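A quick write-up on the structure given underneath.
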Amino acid sequence: LRHAALDVGMALLCAFGVAPALSRHCILPYTISRPSVINAASLSSQKRPGQYHYNSVVGLRATAVDKTETSTVDWDDVLSKPWGSVDTDFMYYSECKAGEDWQYGEMRPYGNLDVSPRAAVLNYGQGVFEGMKAQRSEDGKIVLFRPDRNARRVYYGCKRLCMPPVPEDIFIKAIKETVLANAKWVPPCGKGSLYLRPLIIGTGPMLGLAPAPSYSFLVYVSPVGSYFKGNQLAPITLKIEDEYSRAAPGGSGGCKAVGNYAGSLLPQQEAKAAGYDNVLYIDAAEKKYLEEVGTSNIFVVKGNAIYTPPCKGGGDPQDTILEGVTRDSVIQVAKDLGYDLKEERVPFKMLWDADEAFTVGTAVVVSSIGAVTHRGDTKEWKFEGGGGPVTSKIYETLTGIQVGRVEDQHGWVTYLE
15 LRHAALDVGM ALLCAFGVAP ALSRHCILPY TISRPSVINA ASLSSQKRPG QYHYNSVVGL
75 RATAVDKTET STVDWDDVLS KPWGSVDTDF MYYSECKAGE DWQYGEMRPY GNLDVSPRAA
135 VLNYGQGVFE GMKAQRSEDG KIVLFRPDRN ARRVYYGCKR LCMPPVPEDI FIKAIKETVL
195 ANAKWVPPCG KGSLYLRPLI IGTGPMLGLA PAPSYSFLVY VSPVGSYFKG NQLAPITLKI
255 EDEYSRAAPG GSGGCKAVGN YAGSLLPQQE AKAAGYDNVL YIDAAEKKYL EEVGTSNIFV
315 VKGNAIYTPP CKGGGDPQDT ILEGVTRDSV IQVAKDLGYD LKEERVPFKM LWDADEAFTV
375 GTAVVVSSIG AVTHRGDTKE WKFEGGGGPV TSKIYETLTG IQVGRVEDQH GWVTYLE
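Position 214, counted from 1, in the sequence shown is what the working numbering calls 228; the numbers after and before it change by one each time, with no gaps.
Following this line, the structure appears as structure tokens:
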């Protein structure tokens, strides 16, 4: 009866024009699968007077379209498009004034934002973002991976940039509902994933150098395949960069601030023009130690030991690398597999004696390094299948946990269906 009521209610909303943009969700040839985690009671309990909550209905109904709408998506075509370029149906949006607390916002059709030219994010880069993924497990359920860690990183990132921190419960609820509203865009297991982009920005007008008077929190999504060309473990080539630096102690390198990335575009562009896939940064002070790749953290394998640059985390001002969620997960997986994991400063010249090396991040997951070059001196690794034995084992274990093929010993996976 509850599901029948949802159908009738959704049809009435569309019929009276309350949610015309959602009309395609009013067709009712659904195969019902009742969500075990997200349900009508938990969503409706957070409604506020005067706000349309068709987003909750759409989210619930979206979990039931796996055998209808998702079957009409040409995944080979969608995932062949440039990474992250596919627009989806809905996005989450909310606003908060300086000095006030965030309240839960609304789901709205995906579209452009209307902001002042004086918006603080446009003039001074006041904003943080996150990178996350939703994907399907082997039994077809939609899963998230450690969203609490992203919520934590957003929280201290907001504080670092003088923005009202988004509470963890609001952040995670926004993520879940955005995924459910766009459920038809989550690729089948093994095909790809739905990339999630939470964004908190100063949208209030402020021409003087000061925190914005108001802020926006939005979440939008796009279906994606492999970040680099080829299969997931296809080896990449990196240029060790000693002219440009990504971050320095006392800066904002430990936060996912929007301004951190524009400066990396030129060295990345120059590296790609020279035939490399990306840039591998070293420390700004001594030009001796590995830091991170432009889009991911790095790990170096020697015997049974795996080395990775240290990170204090929590937005520590001395951090010059990002506290990656995948990085933290790989550290734990490596320890579980019996490797001697060492978080310490890693001289970049150690790569020339390493057995293998790989990078990790939400977008790249685990990516094998095929070669690194510093001022014309190149070190290469060649393995059958692309990745070395340690890289491949880490990759298979981590992705296995994410899709339910390997036991989730640490409670990292959140099921939305």
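We treat Cβ as the ideally placed atom computed from N, Cα and C, and that holds for glycine. What you are looking at is a predicted structure, and each value in this text was computed from that prediction instead of being measured.
Assign ARG341 to one of two classes, buried (16 or more other C-beta atoms within 10 Å of its C-beta) or exposed (fewer than that).
Result: buried.
Cβ-based neighbour list, GLY125, same chain, cut-off 7 Å, excluding 5 preceding and 5 following:
none
C-alpha gap between VAL238 and ILE408, whole angstroms
Answer to the nearest angstrom: the Cα atoms are 22 Å apart.
Leaving aside the five residues before and after LEU158 along the sequence, list all residues of the same chain whose C-beta is less than 6 Å from its C-beta, in chain order.
ALA148 and THR428
When you compare only the Cα positions, how much space is there between PRO324 and CYS172?
Take the alpha-carbon of PRO324 and the one of CYS172: they are about 23 Å apart.
According to DSSP, which residues form a beta bridge with GLU182?
For GLU182, which the question treats as bridged, DSSP gives no partner whatsoever.
Does the stretch 108-115 come within contact of the stretch 245-256, defined as at least 3 CB pairs closer than 8 Å?
The stretch 245-256 and the stretch 108-115 do not touch, with fewer than three beta-carbon pairs separated by less than 8 Å.
Could you please give the first and the last residue of the uninterrupted alpha helix (DSSP H) stretch that includes ASN274?
273-276
By Cβ distance below 6 Å, which residues in the same chain neighbour SER310 in space, the five residues on each side in sequence not counted?
THR373, VAL374, GLY375 and VAL378
Using a 10 Å radius around the Cβ and a threshold of 16 neighbouring Cβ atoms, would you call ALA224 buried or exposed?
exposed
As a quick exercise: from VAL87, GLN332 and GLY145, pick the residue whose alpha carbon is nearest that of GLY264.
Nearest of VAL87, GLN332 and GLY145 to GLY264, Cα basis: GLN332.
Beta-bridge partners of GLU109, as assigned by DSSP
GLU109 pairs with SER230.
I'd like to know if the stretch 215-234 and the stretch 279-299 are in contact, where contact means that at least 3 CB-CB pairs between them fall below 8 Å.
In this structure the stretch 215-234 does not lie against the stretch 279-299, because fewer than three pairs of beta carbons, one per stretch, are closer than 8 Å.
Comparing alpha-carbon positions, which option in ARG359, GLN246, SER259 and GLN423 lies nearest GLY401?
GLN246
Quick one: complete alpha helix (DSSP H) runs, 4+ long, within the stretch 139-220?
161-174 and 182-195
Tell me which residue opens and which closes the alpha helix (DSSP H) that SER406 is part of.
403-417
Nearest-angstrom beta carbon gap, TYR118 and LEU232 [assumed within contact, 8 Å]:
Taking C-beta atoms under 8 Å as the contact rule, LEU232 and TYR118 fail to qualify, at a distance of about 13 Å.
Just list the residues that DSSP pairs THR251 with in beta bridges.
ALA385
Just to confirm before moving on: does the CB-CB distance between ALA197 and ILE156 stay below 8 Å?
yes
For the pair the stretch 120-140 and the stretch 257-275, tell me if three or more CB-CB distances fall below 8 Å.
yes
Could you check the C-alpha separation between ARG75 and GLU182 for me, to the nearest Å?
Its pLDDT being 37, under 50, ARG75 is placed unreliably by the model, and the measurement read from it follows with that caveat. Roughly 25 Å between the two C-alpha positions.
Short check: CB of LYS286 to CB of ASP256, under 8 Å?
no
Quick check on the DSSP output: what are the complete beta strand (DSSP E) runs of length 3 or more inside the stretch 300-333, in order along the chain?
304-307, 311-316 and 319-322
VAL354 - containing beta strand (DSSP E), residue span:
For clarity, residue 354 is Asp in the given sequence; the question names Val instead. Unbroken beta strand (DSSP E) run through ASP354: 354-357.
Just mark CYS176 as buried or exposed, buried being the case when its beta carbon has 16 or more other beta carbons within 10 Å.
exposed
Out of ILE215, GLU370 and LYS190, which has the shortest C-alpha to C-alpha gap to MET121?
Sorting ILE215, GLU370 and LYS190 by C-alpha distance to the C-alpha of MET121 places LYS190 at the top.
Looking at TYR290: is its Cβ nearer than 8 Å to the Cβ of TRP97?
no
Would you call the CB atoms of VAL347 and LEU412 closer than 8 Å?
Yes, Cβ-Cβ distance for VAL347 and LEU412 is below 8 Å.
List the whole-angstrom C-beta distance separating CYS203 from SER236, where the pair is believed to meet the contact cut-off of C-beta under 8 Å.
18 Å between Cβ atoms; not a contact.
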